[in-house]
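As they're listed, the protein sequences go chains S and C.
Under numbering that gives the first Met the number 0, think of the first position of the first sequence as 0, with each following residue one higher.
Under numbering that gives the first Met the number 0, think of the first position of the second sequence as 0, with each following residue one higher.
Glycine included, each C-beta is placed from N, C-alpha and C at the ideal position.
Being a predicted model, the structure only gives us computed values, none of them experimental.
These notes concern the structure reproduced below.
There are 2 protein chains.
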Amino acid sequence: MSRSGADLALLLLGGYRKLVEAVVAELEVRGYPDARPVLEFAMRAIDAGADSASELGRRLSVSKQAAAKTIATLVERGYVDTEVDPSDRRRKRVRVTDRGHALMREGEAIFDELRDEWARTLGADGLARLERDLAAVVGDSPLRVEAAGWAAQES
Amino acid sequence: MSRSGADLALLLLGGYRKLVEAVVAELEVRGYPDARPVLEFAMRAIDAGADSASELGRRLSVSKQAAAKTIATLVERGYVDTEVDPSDRRRKRVRVTDRGHALMREGEAIFDELRDEWARTLGADGLARLERDLAAVVGDSPLRVEAAGWAAQES
DNA sequence: AGGGTTGGACAACCACGTTGTCGATATCCG
DNA sequence: CGGATATCGACAACGTGGTTGTCCAACCCT
């Protein structure tokens, strides 16, 4: 029944976690043991044009330092590389590598499979309604992924 | 439209954050500047019978050490107190204080107000459907609140 | 009595975020 | 042209909420 507002929050969080944990787990199986949601979302933003730490920070509504750290681990893991911008030598241009793109493709595929599963239990129109209602209520607010610890450990 | 599975995840997370951020912000206004979601949820569990660190850890699907830390900060802030269990001197019984109960009441009230707001934009039946669908899809899985950093700073 | 299990404490660590400061470039403007 | 100002990235310290691992004391069972 879930009459309480707090339960509603938990339900929402539960849905998110369910999805994302499944994706991370499946990505691990498919050869990306170090995929983390933050990294996924950051790569999306980078690919969509946030090609520097400061810019990435802005897009993700996060400090540029946090963005820089994320980029550092992305580079470390080979999902992204950087080169100094010849037209502005302060900047380092960030680009998603082939491996990075491969990861993104896999991630999207898994996400979509999961969504299809939901569509199966809710009905296609049920899912559409869920998404519409959710969108109505949360608005198009900036993303802000983070949600840090949620699945930091594999367990 | 949000056709992608990843967007669905973001929508869910967005909903959760929207709710919880508002609650924390409002609690701050109402005189609980140090209320954190983890604390709220932990208090609920304690009040519902998880009266020791180990037990709380189990209920929240979290290590007993993590639970102990949470209890420590709860004690520090005066929301909870402990006493050794006379019938088992290893245990420390945890109990929510009056101030803790007050906080919980406020929190619930705010959560419910927010839920009412949602009901206003979605319609009562729309919200009910949302909750039902969500419950169907996430199941009655264990809570696992955490979602750590999400609002660690007040900004 | 004596061994296994459980509760809590302590320490080290990880992931992700924050501020603050700094030097090096770019840009704007008088 | 040249100096003030803004921006970029780096580094450091810290906060929050997790994780392991180890340890001792207390409990329970045979």
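Query	Result
Looking at the structure shown, is residue 81(S) part of a helix, part of a strand, or coil, going by DSSP?	strand
Mapping DSSP to helix, strand and coil, what is residue 93(S)?	strand
What are the start and end residues of the alpha helix (DSSP H) that includes residue 125(C)?	123 to 137
Return the chain-ordered ranges of every alpha helix (DSSP H) run that is complete within the stretch 0 to 52 of chain S and spans a minimum of 4 residues.	4 to 28, 36 to 46
Leaving out five residues on either side along the sequence, give the residues of the same chain with a beta carbon under 8 Å from the beta carbon of residue 13(S).	none
State the start and end residues of the unbroken alpha helix (DSSP H) segment that holds residue 61(S).	Unbroken run through residue 61(S): none, as it is neither H nor E.
For the stretch 40 to 58 of chain C, which residues have a beta carbon sitting closer than 7 Å to at least one beta carbon of chain S?	none
Let me know if residue 27(C) comes out buried or exposed under the rule of 16 or more other beta-carbons within 10 Å of its beta-carbon.	exposed
Taking Cβ-Cβ distances shorter than 9 Å, what residues in chain C pair up with residue 38(S)?	Result: empty, since nearest Cβ-Cβ is about 13 Å, beyond 9 Å.
Nearest by alpha-carbon distance to residue 22(C): which of 52(C), 39(C), 73(C) is it?	39(C)
Identify which residue in 125(C), 131(C), 138(C), 136(C) has its Cα closest to the Cα of residue 136(S).	125(C)
Given this structure, state the Cα-to-Cα distance separating residue 85(S) from residue 74(C), to the nearest angstrom.	56 Å
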